[in-house]
Every structure is written in C-alpha cells, then in structure tokens.
Amino acid sequence: MFLNKINDKDHVWNKVGAEMIQTYGLINNIKTSHQEIYDFLHDDEFENETVDQQFEPEIINAAKAWNYIKIFVTKLRLNQDINEKNIGDCTLEEIIKVYKYLDPNLTFVSTFIDTSKDHKNLLDYYKNMCSRIFKELSVEAVLEELALWHIRLSVEKALGCFTEVFSIMIVNGLLIYKNIAPISFELRTWDIEDIIKVHHNLVDEVSNIPFTQWSNLPTFKYYLGLWIHNCESLSDASFENKNFK
Numbered sequence: 555m556f557l558n559k560i561n562d563k564d565h566v567w568n569k570v571g572a573e574m575i576q577t578y579g580l581i582n583n584i585k586t587s588h589q590e591i592y593d594f595l596h597d598d599e600f601e602n603e604t605v606d607q608q609f610e611p612e613i614i615n616a617a618k619a620w621n622y623i624k625i626f627v628t629k630l631r632l633n634q635d636i637n638e639k640n641i642g643d644c645t646l647e648e649i650i651k652v653y654k655y656l657d658p659n660l661t662f663v664s665t666f667i668d669t670s671k672d673h674k675n676l677l678d679y680y681k682n683m684c685s686r687i688f689k690e691l692s693v694e695a696v697l698e699e700l701a702l703w704h705i706r707l708s709v710e711k712a713l714g715c716f717t718e719v720f721s722i723m724i725v726n727g728l729l730i731y732k733n734i735a736p737i738s739f740e741l742r743t744w745d746i747e748d749i750i751k752v753h754h755n756l757v758d759e760v761s762n763i764p765f766t767q768w769s770n771l772p773t774f775k776y777y778l779g780l781w782i783h784n785c786e787s788l789s790d791a792s793f794e795n796k797n798f799k
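All letters in the sequence shown, in the order written, are residues 555 to 799 by the working numbering.
Below, the structure written as structure tokens:
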C-alpha cells in the first residue's frame, strides 16, 4: 500500500478530494457531481466571482479546506527542517486553519483554544499521534493510529457537524503525505458504504468504553480491516493514470 510518490500528483488530490466532498454534500442534502467537483479542484476556482452560483457554500468551503491540506502537505514534504520533535506543533497549527475554511463562522473554534482538560487531552493526543506516524511505521500501524483518531474525534464530536469531514480530510492528507493510498469514498463501491455503517456502529459501541480498550474490540478490528482493504484496492497503476476520475 506504500505507493510511488502519490503526494506530488495533482490528479490524486483532486480525485480523493472530489469523492470526500461529494459524500459530504450528500450528507448535507446537497447533490453534486464528482466530475464537477474534480474540475473545480483542478482549476482552482475558489476565488472565482461566479463560484457561489455553481456550488453551495458547504461545497466551496470543503474544497478550500482540502486545497489547503494539499498546499500544507506539499510544503511539509519539501521542508527538511521540520523534524519529529516539532511536527506535532506544526500540524496542529495547520489543522486549525483547515477547520476555519470548513466553518468560516468558527462555531466550534473553542475546541482549539479552550484549556479545559477534555480539549487539551484531544489536542495532545493529536500531536503525539502525528509524531508517531511520521516515524517509519508499517502501513497497518499508520492506518490503526488514524482510525483510532477518527473514531475518537467522532465520539467527542468536538467540531459538531464538521467533525467527520474535518477528520477524514486530515486522515487522507496524512496518508497521502506518507505515500499510502488514501481512503476512497467512491460512491459506487460497496466498501465505503460498509465503512460508513460500521463507523457509526463503532462510535456508539465505544462511547462508554475506555479508549485504551478500543483497539482490542472485534468491531474495531473489522473496521480497521475495511480501511486496509479500501487502501489495498487502490493500486499504483490506478494512481499513475491521470484520467482515473
């Protein structure tokens, strides 16, 4: 599942982004086509004066957020001065900006500035997780770290209705940075429907279980297996094809 330099391929970012944003739109009862979003990302039309006539604000904001992740990951990949010691602080600063693109009203910005124990624990966990996955971990270990992060954020619902899209964008951005196949949200495939269904069931199941026990649960192991299968289904050959929209 380690792929050949996918993090510098625009068509990879555009395909994965279009899938996530289309799914996010459907959750918000907004119908869009994958091709339209792909072209929107490809053409960098975010500041076009007529863009608000083509797409709903939620779609535009999500596209801006994903584009920002792409810019940051590219900068991170090229910056040799960033090391494991400060990577957590660096990425934490950037994810706050991602959230601000998703939610210009900053409804849940207190999650990032509140000093309460719950919020501090969540942010500390994120920083430590980033430090771990930027080391030479196996693909399975990276996916497990990110799956636990995704579930934890979903349980705490720290960003309200923006939680899941924010989290999965961060997950896929980090996977692409690691040259690991991102989670595909292609709506025509059975596994994404299964992943979403199991995700919601798992969030309910772990709500009253200590975090340290989550990775041992059969449901989580099945969920992680779905993530691994999803990533394995995206081969080097498909990512080399710039027309795989």
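Ideal Cβ positions, reconstructed from N, Cα and C, are used throughout, including at glycine.
As the structure is a prediction and not an experimental result, all values here were calculated from the model.
- In this structure, the beta-carbon distance from Ala701 to Tyr578 does not fall below 8 Å.
- An exposed status is given to Asp598, since fewer than 16 other beta-carbon atoms sit within 10 Å of its beta-carbon.
- Counting the other Cβ atoms within 10 Å of the Cβ of His753 gives 16 or more, which makes it buried.
- The Cβ atoms of Cys684 and Thr645 lie closer than 8 Å to each other.
- By the CB criterion at 8 Å, Leu630 and Thr665 fall outside the cutoff.
- If you ignore the 5 residues before and after Phe739, its C-beta comes within less than 6 Å of the C-beta of Glu573, Met574, Thr577 and Ile746, all in its own chain and listed in chain order.
- Gln608 and Ile724 have their C-alpha atoms roughly 26 Å apart.
- Within the same chain, and ignoring the five residues on either side of His596 in sequence, the residues whose Cβ sits closer than 6 Å to its Cβ are Asn568.
- Assigned with DSSP and collapsed to three states, Asp678 falls in helix.
- Collapsing the DSSP output to three states places Leu660 in coil.
- Going by DSSP, Trp620 is part of the alpha helix (DSSP H) stretching over Pro611 to Leu632.
- In this structure, Ile687 keeps its C-beta atom at 8 Å or more from the C-beta atom of Val760.
- Setting aside the 5 residues that flank it on each side, Tyr655 is surrounded in the same chain by Asn615, Lys618, Ala619 and Tyr622, each with a C-beta closer than 7 Å to its C-beta; the list follows chain order.
- Here Thr773 carries a helix assignment [DSSP, helix/strand/coil].
- Assigned with DSSP and collapsed to three states, Leu691 falls in coil, not helix or strand.
- The Cβ atoms of Ile737 and Ile750 lie no closer than 8 Å to each other.
- In the DSSP assignment, Asp564 falls within the unbroken alpha helix (DSSP H) covering Asp564 to Ile581.
- Taking a C-beta distance under 8 Å as the contact criterion, Ile584 and Glu612 qualify as a contact pair.
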